[in-house]
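Going down the list, the protein sequences come from chains A and S. Residues in the first sequence are numbered from 6 upward in steps of one, following the numbering used here. Residues in the second sequence are numbered from 23 upward in steps of one, following the numbering used here. To keep things clear, I will list the structure first and then write my remarks on it.
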Amino acid sequence: ETGVTQTPRHLVMGMTNKKSLKCEQHLGHNAMYWYKQSAKKPLELMFVYNFKEQTENNSVPSRFSPECPNSSHLFLHLHTLQPEDSALYLCASSQETTSGTDTQYFGPGTRLTVL
Amino acid sequence: AQKVTQAQTEISVVEKEDVTLDCVYETRDTTYYLFWYKQPPSGELVFLIRRNSFDEQNEISGRYSWNFQKSTSSFNFTITASQVVDSAVYFCALSVYGGYQKVTFGTGTKLQVIP
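In C-alpha cells, the structure reads:
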C-alpha cells in the first residue's frame, strides 16, 4: 500500500448505528486530518492531529469522535448521525503541521450516506 | 481570515482546447502557500503544485502551467491541449500558519473535456 488509504470506501448507516472510518498513511508523516466534503460547499476541516495529539477540533458535533492511536492511523467514530452528515469524508496527512508549509496528501475518501 | 474564490463553477471544453482555471485569494499574512489539487470522479484529491508567497515565478509541468500574480492575488492554472483524462474538479487552496497549518479551499471548478 502506498500513500493514504481509507476504508470503507462507501458506507450506508442508519441514524442509530455506530460505525468507524479508518485512515492509514504510508508516507511517514506526523500530522493527519479529517475533512468533510458536502455538495456545493468547500472542504471543511474537522480535526487535526500532530504527533498523535489533537491540535484542532473545528467545532465538530460530538457525534463525531476522532481517535489517533499512532502517527500512521486515524479513525473517525460515528454515532447517532443525522441525514445532513451524509458527505464524502476525506483523510489527509502531511509531514507535520507546525510550520504552515507542508503539502497535505489525501486519501480516496469514504462516501457516507445516513438514512 | 483567509478566503479562496474560484468563480468558475463549471467549464466545458472540447478536447485539445486550452483552458484556464481562475483562483483569487485573500489573506493578510505575508507568508503563505498556494496549492492546486485535482479531484477525479474516484474522489481522491491529487496534489498538483505548491507555490510560496515569495516565489512569483510561473511554473510549467508538461501540459500544466501556473501563473502566480501577487499584484492581483491570483494563482491561475492553465491546461494546454486538454484531454478527456483532465475531466475532474480542480481545487485551489491557501495555507497559512495559525497555530497549525490552516488550509482554506475554494469551492472548486468542475472541468469537463468533451472528446
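Where is the CB? At the ideal position from N, CA and C, for every residue including glycine. Since the model is a prediction, treat every value here as computed from it, not as a measurement.
Burial is judged here by how many other beta carbons sit within 10 angstroms of a residue's own beta carbon; residue 38/S has fewer than 16 and is exposed.
For residue 84/A, the closest of 75/A, 117/A, 35/A by C-alpha to C-alpha distance is 117/A. If the five residues before and after residue 61/S are omitted, its C-beta is found closer than 8 Å to the C-beta atoms of 67, 68, 110, 111, 112, 113, 130, all from its own chain and listed in chain order.
By the C-beta density criterion, residue 61/A is buried, having at least 16 other C-beta atoms within 10 angstroms. Sequence-ordered contacts of the region 26–37 of chain A with chain S read 36 [C-beta pairs closer than 8 Å]. DSSP assignment within the region 79–120 of chain A yields the following whole beta strand (DSSP E) runs of 3 residues or more, N-terminal first: 92–99, 115–119.
For residue 112/A, at least one C-beta of chain S is nearer than 8 Å to its own C-beta.
The Cβ of residue 72/S sits closer than 8 Å to at least one Cβ of chain A. Approximately 18 Å separates the beta-carbon atoms of residue 28/S and residue 118/S; this is outside 8 Å, ruling out the contact. Taking residue 78/A as the centre and dropping the five residues before and after it, the same chain places the C-beta of 29 closer than 6 Å to its C-beta, in chain order.
Residue-level contact check: residue 109/A touches chain S, since one or more beta carbons of chain S fall below 8 Å from its beta carbon. Within chain A, the residues placing a beta-carbon under 7 Å from that of residue 67/S are 95, 111, ordered along the chain. Taking a Cβ-Cβ threshold of 9 Å, the residues of chain S close to residue 106/A are 53, 55, 72, 74, 117, 119, 123, in chain order.
If you draw a straight line from the Cα of residue 57/S to the Cα of residue 120/A, it is about 35 Å long. For residue 47/A, a Cβ of chain S is located within less than 8 Å of the residue's own Cβ. Against chain A, the beta carbon of residue 99/S has no neighbour under 7 Å; the closest one sits roughly 16 Å away.
Short of 7 Å from the beta carbon of residue 57/A, and not among the five residues preceding or following it, lie these beta carbons of its own chain, in chain order: 73, 75, 76. The beta carbon of residue 115/S lies closer than 8 Å to those of 26, 56, 57, 58, 59, 125, 126, 127, 128 in the same chain, with the five residues before and after it left out.
Close partners of residue 127/S in chain A (Cβ separation under 8 Å): 47, 48. For a Cβ distance threshold of 8 Å, residue set 113 of chain A lies close to residue 64/S, ordered along the chain.
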